[in-house]
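In our numbering, each residue carries its 1-based index in the sequence shown increased by 7.
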Amino acid sequence: MHTELSVERAVDAARALLDEALRSGSRRMLGIAGAPGAGKSTLAARLAEQLGTQAVLVPMDGFHLADVALARLGRLARKGAPDTFDAGGYAALLQRLRTARPQDAPVWAPMFERELEQPLAGAIEVRAEVPLVITEGNYLLLEDGPFAQVRTMLDACWFVEVPEELRRERLIARHERFGKPPPAARDWALGPDEDNARLVAATRDRADVVVGVSSAR
Numbered sequence: 008m009h010t011e012l013s014v015e016r017a018v019d020a021a022r023a024l025l026d027e028a029l030r031s032g033s034r035r036m037l038g039i040a041g042a043p044g045a046g047k048s049t050l051a052a053r054l055a056e057q058l059g060t061q062a063v064l065v066p067m068d069g070f071h072l073a074d075v076a077l078a079r080l081g082r083l084a085r086k087g088a089p090d091t092f093d094a095g096g097y098a099a100l101l102q103r104l105r106t107a108r109p110q111d112a113p114v115w116a117p118m119f120e121r122e123l124e125q126p127l128a129g130a131i132e133v134r135a136e137v138p139l140v141i142t143e144g145n146y147l148l149l150e151d152g153p154f155a156q157v158r159t160m161l162d163a164c165w166f167v168e169v170p171e172e173l174r175r176e177r178l179i180a181r182h183e184r185f186g187k188p189p190p191a192a193r194d195w196a197l198g199p200d201e202d203n204a205r206l207v208a209a210t211r212d213r214a215d216v217v218v219g220v221s222s223a224r
């Protein structure tokens, strides 16, 4: 059973989770899942901006395997599928962040650099005193395989959705913006991305909250 929220109410809900962390003295972990192009990165960034220094954003995309590894595995043409991520490494990082103590040294998390289309290690500093960690990605709610560990690390997990036509338009535009010719951008959005989107859509009912962001980008 999940609650449906607008973006504006989602900000309030994230602030309530932060307040809970501050009252308890224990860090809280918020996950934001959704299909490619749904707007989860935009929502997560907005929440982190609104909450300031009391929250930090650690995206799942930092755990993309590098292209050189995907080429060696024969999976470059399916980049973005669950097995093209270091899911175990991602779950291990979330566990480390969840159990951090105030006296611990900062943890350095990876990020995904879209202009390079490659992960970058040690790019995001997560200080131990930050009470709320926000993480976002496609596969936070998967029940099978190594991603199944992820949901157990989260105090709450939301699912972001938009009308499918808008989601696909966003994806095509994103691929063009980062260098794909229009035909290739469309083929990728309606091919590998669409396969991944169907897989993610099947996890919607596992979310605590569904956030509609039809007007967000």
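Each residue gets a CB set at the ideal place from its N, CA and C atoms; glycine is no exception.
Burial state of residue i, where buried means 16 or more other Cβ atoms lie within 10 Å
i	result
T210	buried
P138	buried
R30	exposed
V75	exposed
Extent of the continuous alpha helix (DSSP H) to which residue i belongs
i	result
E172	E171 to R184
P126	P126 -> not in any alpha helix (DSSP H); beta strand (DSSP E) instead, spanning Q125 to V133.
L37	Looking at the DSSP string, L37 is not in any alpha helix (DSSP H); the run it does join, the beta strand (DSSP E), is R35 to G41.
E27	V14 to S31
Close-in-space but distant-in-sequence residues of the same chain around residue i (CB under 6 angstroms, 5 per side omitted)
i	result
A55	A62, L64 and I141
K47	I39, G41, E143 and V167
E11	V217
L147	G38, A40, V157 and C164
Residues near residue i in its chain [Cβ-Cβ closer than 8 angstroms; skip 5 each side]
i	result
E136	P109
G96	F70
A52	L64
Span of the beta strand (DSSP E) around residue i
i	result
R205	No beta strand (DSSP E) contains R205, which is instead part of the alpha helix (DSSP H) from P199 to A208.
Other residues of its chain near residue i: CB distance less than 7 angstroms, five sequence neighbours each side excluded
i	result
A208	A42
V14	L50, V218, V220 and A223
- the region 169-181 contacting the region 25-44, beta-carbon criterion three pairs below 8 angstroms: They touch, by the three-pair rule.
- Task: Ignoring anything shorter than 3 residues or poking outside the region 50-113, list the beta strand (DSSP E) runs there in chain order.
- Result: Within the region 50-113, the complete beta strand (DSSP E) segments at least 3 residues long are 62-64, listed from N- to C-terminus.
- Task: Count the CB pairs spanning the region 67-74 and the region 182-196 that are closer than 8 angstroms, and state whether there are at least three.
- Result: No: fewer than three Cβ pairs fall under 8 angstroms.
- Query: Can at least three beta-carbon pairs, one atom from the region 78-89 and one from the region 100-119, be found at a separation below 8 angstroms?
  - Reply: Touching, no, given that fewer than three Cβ pairs across the two stretches are closer than 8 angstroms.
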